[in-house]
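The sequence shown begins at 1 in the UniProt record's numbering and counts up by one.
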Amino acid sequence: MYKGWYQYCKHLRFLFFHPIFLIALLVFGVSDFFIFSSQLNADALDSLYTTNAIVHTVSLAMASYTMVRLHFRTFHSSQNDWIQAYPGSPIALALANFLAAFTYMSLYSCLIFIVFFIKTKLSLPSITYQPFMKLLVENGVRLEISYFLTLSIGLLIAVLLKNKWVAYGMSFFVWILGTYALEVMVGKFHWLPLKLFHFNHYFLEGRSLVNEPLWGNALFHHETVVSLTFITVFALLIMTIAFILLIWRRPTKQRITTSFLAIILLFICCYTSNDYLEIWTNKYQQAYSNNGIQQSEGIASNLSSSISATSYTINVFHSKDTLTINTEMILDISRKTNESIVLTLNPNFKVEEVLVNNHKASFTRHRATLTLDDDHLKAGDKEAKVSLIYSGKIAEWDINSEGDERYFAFFKGMNAYLPSYMAWYPLVGAVNLYPGPQQSPVRSQAADHTQADFSVTLHGFQQYFHSTSGAIHWTFNKDQTITAPKTSGVSLLSGNFNIQHYGQLEIILPSTISKAHAAEIYETYAFLNKALQNDLDITPNGEFLYLPLKDIVDDSQQSQEPLLLDNAFIIDSAQTVDAVSRKKQILNPSVQFQYLGYLLTHKDLKSYTHPDREQKDPNDTISLVTLDALNYILQEEAGSVAPTFVLAPSVQNSVAFKNVQQAVAQKQFEPLKQVLSELCDKKFKDHIGLPTITNQEWREAWKHAFQ
1 MYKGWYQYCK HLRFLFFHPI FLIALLVFGV SDFFIFSSQL NADALDSLYT
51 TNAIVHTVSL AMASYTMVRL HFRTFHSSQN DWIQAYPGSP IALALANFLA
101 AFTYMSLYSC LIFIVFFIKT KLSLPSITYQ PFMKLLVENG VRLEISYFLT
151 LSIGLLIAVL LKNKWVAYGM SFFVWILGTY ALEVMVGKFH WLPLKLFHFN
201 HYFLEGRSLV NEPLWGNALF HHETVVSLTF ITVFALLIMT IAFILLIWRR
251 PTKQRITTSF LAIILLFICC YTSNDYLEIW TNKYQQAYSN NGIQQSEGIA
301 SNLSSSISAT SYTINVFHSK DTLTINTEMI LDISRKTNES IVLTLNPNFK
351 VEEVLVNNHK ASFTRHRATL TLDDDHLKAG DKEAKVSLIY SGKIAEWDIN
401 SEGDERYFAF FKGMNAYLPS YMAWYPLVGA VNLYPGPQQS PVRSQAADHT
451 QADFSVTLHG FQQYFHSTSG AIHWTFNKDQ TITAPKTSGV SLLSGNFNIQ
501 HYGQLEIILP STISKAHAAE IYETYAFLNK ALQNDLDITP NGEFLYLPLK
551 DIVDDSQQSQ EPLLLDNAFI IDSAQTVDAV SRKKQILNPS VQFQYLGYLL
601 THKDLKSYTH PDREQKDPND TISLVTLDAL NYILQEEAGS VAPTFVLAPS
651 VQNSVAFKNV QQAVAQKQFE PLKQVLSELC DKKFKDHIGL PTITNQEWRE
701 AWKHAFQ
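Pasting the structure below:
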């Protein structure tokens, strides 16, 4: 023991006073500082990630060199012939070398966080120390594990090879294989399970789509614990094998003890690797199954042409992460011809029983599609009651268009996201649940849905759920009931959120959004709520969810705009105020236009403002011009430096739009407000949800205000 401690201190002095290792440490620190500083416009965590991808990966080569150098300095140096006659175990000396190298390499991790801390405090002096402690625990562990694995492999190479120059060359080759080559295989071929063996464990594992407290956090954390445990035990096993080879010619007792330890580590390694492989097997089976459904079903119509649902009564129970759901549907079959009743249900659910008009019915199932036997329907029936009992776990996983993992539907612990478009309750007709990377499931909802009444009761859940439609209230036995009349669907979310109300507006933010950012969002909606009431006598109502759209929509371009899910308006949680003006009360103009359209129509108007869309109905044009003029005025009142119109060129050519441009040019905002107030006081909507404002009404309102 004493000899091992002496060896540890001796090699620490060697590492801290040798010119090569001192210069390497200095170059690493300077490089880390300049690479981090060069990313002026990047987010601090993104800068940390990019810097780590470069300098930490390079430092792993230094770790291999250090381990090989210390081993040959101890066991193959002419100055240390006494080692061969040392009566104790060489394991103590080898372990001392390993710990000395590990201590030296830990300084590199410290430098990464010191530079990150200094640069962040200089740019954000008011930031608290809590984020740094979290980074130190979460990311620091990954950095140290990457050094631990690299040093273990370096030790094994040094023990196997008797020539130090061959050992240096082999360690460099293994470093290339474990970093660059493995990264190419993971990125190009999507062999994601191999990323566990990447030397820079933080590089591939430390960055994921879990940037919210909700989005698959519990699932990814479970996988992280399994993977970190496996790679740590795997590194210990490699080190133990090196020790066995080192004492192969020593007394039998030493070999037996070390071999017994190796067997135990091998057993633990196999056990954790089995868990790791099972996780990835389930993921790939999920992706393969989804792709099969996509190929076999194609882009199907969302709803049957002759059958529609008029009401849903849903009771949801759970046992740990397994959901059991009882759903009762009332179907309108007045237009039904000879086709069977076809429903779509998420393929993760196992259907236990189906009733049609309270009679047990047979059914056939092909992946997500259920075709019901309609023997219990009578000729002339206007309605049919269909009841289903089904259960299963939801953990929908895939790789998005950028090659990142995501869970886009899940239920795990206190976190859940059960979107309506993933059929957690039966949808009428053959619905394509997995349209592929070019068409998001949310976008497939662009077609009009038949409105239905929903009553959803959540039994025995500890967490509070949010719904994209209707109102939630608690019953006497702490069940949660959602009542949503006449809506296209109900999606459920649970997690760590903050809720703020402004009149009838409900703003729901993930708790990870900073207080400053949340204050900007709240101030924006408070301003819009007040402005609309003062200018147009409109009381806004609706639900606004700030969620990571990149996890919902598999298209990086679409994540820049809000979308409508059921009856909720969803905005990207990374989206802030207008980047040009930096005014707190100003949303991005196109986002604000969609916001206004949602308030007045509760519909998604994006498709009607697309540059390629021709406005065939002139009344559609007048309605859109009204919204765009209102959008412009609100930007002006908020103090925008450059208020803009967002409508497509086909709309801008209209007479009404030229009227608005003229009024804006002459700063005639008060008469323009009078026009908008008169036009927006409409109680009826047309078939696409726009206010039914006609050319005649526009001309009359314009005449009243400007004469």
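The beta-carbon is built from N, C-alpha and C at its ideal position, and this holds for glycine as well.
Taking C680 as the centre and dropping the five residues before and after it, the same chain places the C-beta of L536, I538, L600, T626, L630 and P691 closer than 8 Å to its C-beta, in chain order. Take H459, set aside five residues on each side of it, and the residues of its chain with a beta-carbon closer than 6 Å to its own are F317 and D479, in chain order. Selection N567, D566, I633 and D572 evaluated against F593 yields I633 as nearest (Cα-Cα).
In the DSSP assignment, A242 falls outside any beta strand (DSSP E) and lies within the alpha helix (DSSP H) extending over N217 to L246. Fully enclosed beta strand (DSSP E) runs of no fewer than 3 residues occupy 363-366, 369-372, 383-392, 395-399, 405-412 and 415-418 of the region 362-435, in order along the chain. Ranked by Cα distance from M414, the options D398, D321, V431 and V354 are led by D321.
Counting C-beta atoms within 10 angstroms of its own C-beta, Y525 has 16 or more neighbours from the protein chains shown and is therefore classed as buried. Taken through DSSP and simplified to helix, strand or coil, T150 comes out as helix. According to the DSSP assignment, D332 belongs to the beta strand (DSSP E) that extends over T322 to D332. The continuous beta strand (DSSP E) containing N541 extends over residues N541 to L547. Under DSSP, K658 forms no beta bridge with any residue.
Proximity to C270 across A235, L245, Q285 and L246 peaks at A235, based on C-alpha coordinates. Here L245 is not near A262, since their CB atoms are 8 Å or more apart. For A423, the closest alpha carbon among the candidates T344, G187 and L136 is that of T344. K350 is bridged by DSSP to S391.
For T457, the pairing in a beta bridge is given by DSSP as N315 and T481. Judged by DSSP in its simplified three-state form, Q500 adopts strand. A distance of 8 Å or more separates the beta carbons of E543 and I513. Here I307 carries a coil assignment [DSSP, helix/strand/coil]. Judged by DSSP secondary structure, F645 falls outside any beta strand (DSSP E); it is assigned neither H nor E. Per the coordinates, the alpha-carbon of N653 lies some 41 Å from the alpha-carbon of G429. Distance check between K283 and each of T232, A309 and W191 places W191 closest, using alpha-carbon atoms only.
The three-state secondary structure of P90, taken from DSSP, is helix.
Excluding five sequence positions before and after I571, the CB atoms of its chain that fall closer than 6 Å to its own CB belong to Y546 and P562, given in chain order. When C-beta atoms of the region 100-109 are compared with those of the region 51-68, three or more pairs fall below 8 Å, so the two segments count as touching. The Cβ atoms of G470 and A484 sit closer than 8 Å to each other.
Cβ neighbours of V68 within its own chain (closer than 8 Å, five residues either side excluded): G154, I157, A158, K164, A167, Y168 and S171. DSSP, reduced to helix, strand and coil, places F569 within a strand of the structure shown.
Look at S469 here: in three-state DSSP terms it is coil, with no helix or strand label. F230 is not a Cβ neighbour of T179, given a cutoff of 8 Å. S334 counts as exposed, since fewer than 16 other beta carbons sit within 10 angstroms of its beta carbon. CA-to-CA, the gap between M329 and Y421 works out to about 17 Å. Excluding five sequence positions before and after E352, the CB atoms of its chain that fall closer than 8 Å to its own CB belong to I389, Y390 and S391, given in chain order. Collapsing the DSSP output to three states places E339 in coil. A direct Cα-to-Cα measurement between Q696 and S511 gives close to 49 Å. Distance between I256 and A416, taken at the CA atoms: about 50 Å.
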